[in-house]
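What follows is one structure encoded as structure tokens, with my remarks underneath.
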Amino acid sequence: MSILYIIATPIGNLEDISIRAIRILKDVDFILCEDTRVTKKLLDHYNIKTKIISYHHHSNLKKTEYIIDLLKQEKNLALVSDAGTPGISDPGNKLIEIIISQNINTKIEPIPGSSAVVTALSVSGLPTDKFIFLGFPPHKKGRQKFIKSIADYIFPVVIYESKHRIIKFLEELVVFNKQKKFIKKVIVFRELTKIHETIYRGELEEIINQIKNDKNAQKGEFVVIIA
228 MSILYIIATP IGNLEDISIR AIRILKDVDF ILCEDTRVTK KLLDHYNIKT
278 KIISYHHHSN LKKTEYIIDL LKQEKNLALV SDAGTPGISD PGNKLIEIII
328 SQNINTKIEP IPGSSAVVTA LSVSGLPTDK FIFLGFPPHK KGRQKFIKSI
378 ADYIFPVVIY ESKHRIIKFL EELVVFNKQK KFIKKVIVFR ELTKIHETIY
428 RGELEEIINQ IKNDKNAQKG EFVVIIA
């Protein structure tokens, strides 16, 4: 039986990785990763020499079949994303689905660690016994429907957004909130655990101005919590 390890990697600070994860990354036959350049920085930091294979949302069927064949050969693999826990807003869940649906003789083992969602919630100051995670908003089709759906939840809503669309998203929230008045608090997190980590708190319009006036705001991705 082969093993596919689903390994959480740091979301920024390279020290945020478990001893167990480092050991497994050294022991497996291959590491599957989104961007080989990003993963190589982590591997070099911990002197990990394991061969890496690119696997991302643009990977074709041939690449997936190659990975499945490695598992059938009883090769042990580790799946990592560029940052955080694989399968959460990234293509890792597709590979897991295929392995399960094809009944391949592979054990799928999670190696827990960093997650931007949980990291943000932990310092939000909000009740976090229940929350909703919605991932990235659609870029175009369904975007307005997505934003309007946030008002339907009574628990804090967590979303991811890119540096290119964060202002647009927050301004769209302002427009819809004037109609529904459903927002009690918004907290925006940027570059969590990295050098330029920033937490923006205040009224929605104030947060927009803070981001617009922040010269480092065009670095990294954002986590937004809407209560």
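In this text, residue positions in the sequence shown follow the numbering used here: the first is 228, and each later residue adds one. All residues carry an ideal CB built from backbone N, CA and C; glycine is no exception.
Query: Contacting residues, own chain, Cβ-Cβ under 6 Å from F257 (five flanking each side not counted); Result: K278, I280, L304
Query: Bridge-paired residues (DSSP) for G429; Result: V413
Query: In chain order, each beta strand (DSSP E) run of at least 3 residues that lies wholly inside the stretch 279-355; Result: 304-306, 333-338
Query: C-alpha gap between S316 and A310, whole angstroms; Result: 11 Å
Query: Collapsed DSSP secondary structure at T236 in the structure displayed; Result: strand
Query: Delimiting residues of the beta strand (DSSP E) encompassing V450; Result: 449-453
Query: Beta carbon of S229 nearer than 9 Å to that of K299; Result: yes
Query: Y380 to G429 span [Cα, whole Å]; Result: 21 Å
Query: Whole-Å CB distance - I294 paired with Y282, under 8 Å assumed; Result: 7 Å
Query: Every unbroken beta strand (DSSP E) within the stretch 372-398, with a cutoff of 3 residues, ordered by chain; Result: 384-388
Query: Contacting residues, own chain, Cβ-Cβ under 8 Å from D243 (five flanking each side not counted); Result: P237, G340, S341, T420
Query: Outcome for E388 when other beta-carbon atoms lying within 10 angstroms are tallied against a minimum of 16; Result: buried
Query: Per-residue burial, L348 [other beta carbons within 10 Å of its own, 16 or more giving buried]; Result: buried
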